[in-house]
Amino acid sequence: MAVVSREARVSRAPAVKLSLNRIMLWVVGLGVTALVVWRIAGTAALGLYGPDVWLMQTLNGLVQGSMYALVALGYTMVYGILLMINFAHGEIFMIGAMSGYFVLNGFHQSGFLASNPVPALLITFIVGMGVPPIVGVLLERIAYRPLRRAPRLVPLICAIGASFFLQQAVRLLFGIRTKVYPTVAVLSGSWTITVGEREMRIQHMSVLIIVITIVLMVALYLLVRKTKIGKAMRAVAEDKEAAALMGIDVDQVIMVTFAIGAILAGAAGVMWGLWYKQVIHTVGFIPGIKAFTAAVLGGIGNIPGAMLGGLFLGFVEAIAPTALDISTQLKDVISFGLLVIVLIFRPSGILGEVLTGKKA
Amino acid sequence: MKKWFVTLLVSALVLALLPVWAFAAPPAQIPEDKIEGKIYTLEPRETLSLVAAREFGNVLAFPAIVYFNNFAARKNPQLTLITDPNAVKQGDVILIPTADLVKAYLAGERIGPAKGDAPPDDPWGVVTVGPGEPVRIGFAAALSGAGVDVLGIDEKRGAELAVVDRPTLAGHPVELVVEDDLCSGEGGTAVANKFVADPTIVAVVGNMCSSSSIPASDIYERAGYTMVSPSSTAVAFTARGLRSANRVCWSDAIQGPAAAKFVYEKLGLRKVATIHDGSPYGEGLVNAFAEAFKAMGGEVVAQEAVSVGDTDMRPVLTKIGVNKPELIYFGGFVAEGAFLASQRADVGMENVIFMGADGIKAEDFIKSAGAAAEGVYASAADLATAGPGVNAFLAKYEATYGEKPPAPFHLHAYDAVNVIMDAIYHSAVQGPDGTLWIGREALNRAVRATTGYQGLSGVITCQPNGDCGTGTVAMSKVVNGQWVPAE
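Chains as they are written, first to last, in my numbering: chain W, 4 to 363; chain S, 22 to 508.
Here it is in structure tokens:
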């Protein structure tokens, strides 16, 4: 995991050997980077977009990136401990968004949301963050624990199956029609600021999403660094057998890891619903893929890496079509292209995959 | 004495019930050589509805007049072929069929099938429907997926009600085989491969989305299947010279320019931006719109695209906001449309008018976009030119499904099923034991020969390329959370 001590990181493979393959990759990478820089310079020279546009796109990207980052943390923590990609994590996110919808919509219909918006929102977040860990822990217990000693591919396939199962279960339980989050009056306002000669609007909700994300990230950091369970998690990530010999209940630690990842995904799900309004049983698919990309971008298994990767991915998605002056349709191409380029120069992600001595 | 009385009672009962039984029995089939009636020349200002009301006491009988007249007109050059029942004129010579024929038509019977002892030769193969076996018609639309499911469910209901109204075809039950194509190319081809692997599927109602219809039509073309799409409006669908591809809706080559004309002339706007969702439908529509708008002298200040499944539209809106468009024209579906409409205000574009097309004209759009839906425009089928029986259909729809139609294409789906059923009557051969042989090429010919069919969505007359719809487009606007006609 990310927070494993520095010493652990030293023991990775020696400096990459310069093979013909690598040199070619570098040439391709540098070429694409040069092209991007040239294109950005071209757009800047055009002078079409003022500072307000850049600021707005940055904000758009940070909000989107916050949600990617929260989901990415779940991928990266599970990978750090079990070395497996929990592909059902996007569905955990979806369950958070769905649970939040049912609570908030209930409050909306009973009028409680209008009369007491703050408690209503708090309860929505509590339920939205409370249901996913139950599903996440059950998933671990039923689908992954029996396969812990199986070859690495087996739990991966099982995770993909679990993802379909959860998606279709929600579809059958709650129907296929799109569900729409009610508008929350206290969150729908905005501040208007003047940048250059133009006015720009900052939604209250966007600031709230960034603040909640920062609070959750700090809480996670403190949990992993300062608490006993955090220490146990780090120990299990480093060496499961040794940790078990030291008296750590490995199963429990793995369960807690799944639960924490699910809580963060649930929070992201509720915020997704409040921000984008429409949720449906397939809502977790694309954010799941993007968050996985973000986790790999930052360095899979690395907690600060997932945070940074998520924010970076969201930022690039929002700003790149404008910066490169190309169609917004290509934003997914850009984000996955970015992943390729980063992996050419840093095969283990921006902050590096943290490998313990044993795994390396 | 008592015995005698009982016998009398039973006899009386049998005699009384005999006509009821005879009436309840399915009407006899209509053989080709039994098309009878009187030749009539229309008086000034006389419409077919008037004739139907006078002759049969039922306005809804006029499609029957068109049907039998057009059939007879092929053999009798004296008769006028009615291509548009709303545009008959004084001096047109028409055939007014007998009351029995009209009654049979209204009960769902059509001319045919021809009698025969052996299956016909057909280069595309023959579907054999044994005695008592159902005639199976495929149906493919998106029944799941954000923002498209509602359109597909609506179409499915339209098709189902068509089967409810005409449950049998020449003595065989009609069965709709429903598949979900997810509105994607992969889904469309998967369903098409499934249908062509099943030799009992006679024809296909679908697909809903052009994204599915276009790749699916290539598979149907190779297999000799005929498809009739209720709602694939992309220009490319019928522009490739395929015999399999037919549709009862308009082409976007009509819808796009109609929208452009509305924006330029009625709204009086000169600067627009366009966004499409990357689907063949969205892209084709937006291009048709932009070309027409530029040709009129308007300016298209930005042309952008998003992807199906995108949720964050603020970046694309921020980008086009720089060009200060007065209106955003969107080619795509409910989900992305609602994200665009509702996120406009977040980047200070709430005064920019949002306009879409038939892909967003659904109740779910208003639900999803909330207050931001207010004032949004969309083009869709013009129900003012729709056929008779729409009100009865809508009442039945509401009674069956407990809600008003949530999307625009239920009438077209209903018509697509009926066009196929009529074509089966016209092309099939029926054996002495009731076996129905349906030649696939003969069926295809019969679909393409549809002329002046008065459907619920309007008059359906197939062009040589497979465009059969009326092509009348009307503008709607959201006012107080409802789609209402925009003047």
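Beta carbons are placed, not taken as given, at the ideal position from N, Cα and C, and that holds for glycine.
State yes or no: is the C-beta of residue i within less than 9 Å of the C-beta of residue j?
i	j	result
residue 352(W)	residue 68(W)	no
residue 203(W)	residue 369(S)	yes
residue 75(W)	residue 309(W)	yes
residue 102(S)	residue 83(S)	no
residue 354(W)	residue 311(W)	yes
residue 284(S)	residue 318(S)	no
residue 496(S)	residue 287(S)	yes
residue 295(S)	residue 441(S)	no
residue 238(S)	residue 302(S)	no
residue 467(S)	residue 445(S)	yes
Any idea which residues DSSP pairs residue i with across the strands?
i	result
residue 460(S)	147(S)
residue 343(W)	The partner list for residue 343(W) (beta bridge, DSSP) is empty, contrary to what the question assumes.
residue 350(S)	295(S), 376(S)
residue 193(S)	190(S)
residue 474(S)	481(S)
residue 197(W)	202(W)
residue 320(S)	292(S)
residue 488(S)	268(S)
residue 116(S)	60(S)
Within 9 Å of any Cβ in chain W, is that where the Cβ of residue i sits?
i	result
residue 325(S)	yes
residue 49(S)	No answer about residue 49(S) holds up, because its pLDDT of 46 lies below 50 and its placement is not dependable.
residue 443(S)	no
residue 328(S)	yes
residue 340(S)	yes
residue 85(S)	no
residue 268(S)	no
residue 247(S)	no
residue 336(S)	yes
residue 354(S)	no
residue 493(S)	no
residue 388(S)	yes
residue 164(S)	yes
Distance, Cα to Cα, residue i vs residue j?
i	j	result
residue 330(S)	residue 96(S)	54 Å
residue 257(W)	residue 81(W)	8 Å
residue 56(S)	residue 448(S)	17 Å
residue 233(W)	residue 180(S)	59 Å
residue 436(S)	residue 184(S)	11 Å
residue 123(W)	residue 349(W)	45 Å
residue 356(W)	residue 151(W)	22 Å
residue 256(S)	residue 262(S)	12 Å
residue 409(S)	residue 81(S)	6 Å
residue 324(S)	residue 357(S)	16 Å
residue 48(S)	residue 121(S)	Here residue 48(S) scores only 40 on pLDDT, less than 50, and its place in the model should not be relied on; the value that follows carries that caveat. Roughly 9 Å between the two C-alpha positions.
residue 54(W)	residue 197(W)	10 Å
residue 376(S)	residue 162(W)	42 Å
residue 371(S)	residue 365(S)	5 Å
residue 163(S)	residue 201(S)	5 Å
residue 302(W)	residue 334(S)	28 Å
residue 142(W)	residue 182(W)	25 Å
residue 231(S)	residue 321(S)	25 Å
residue 240(W)	residue 305(W)	11 Å
Have a look at the options and flag the residue whose alpha-carbon is nearest the alpha-carbon of residue i.
i	options	result
residue 152(S)	476(S), 458(S), 487(S)	458(S)
residue 196(S)	208(S), 206(S), 455(S), 182(S)	182(S)
residue 241(S)	334(S), 267(S), 149(S)	267(S)
residue 138(S)	451(S), 483(S), 461(S), 476(S)	451(S)
residue 215(S)	491(S), 390(S), 159(S)	159(S)
residue 222(W)	144(W), 22(W), 264(W)	264(W)
residue 212(S)	346(S), 233(S), 85(S), 109(S)	233(S)
residue 505(S)	191(S), 403(S), 465(S), 131(S)	403(S)
residue 270(W)	201(W), 145(W), 93(W), 167(W)	93(W)
For residue i, would you say it is in contact with chain S, using Cβ-to-Cβ distances shorter than 9 Å as the test?
i	result
residue 51(W)	yes
residue 98(W)	no
residue 279(W)	yes
residue 108(W)	no
residue 203(W)	yes
residue 322(W)	yes
residue 42(W)	no
residue 3(W)	The shown model of chain W, from 4 to 363, leaves out residue 3(W), and the question about it has no answer.
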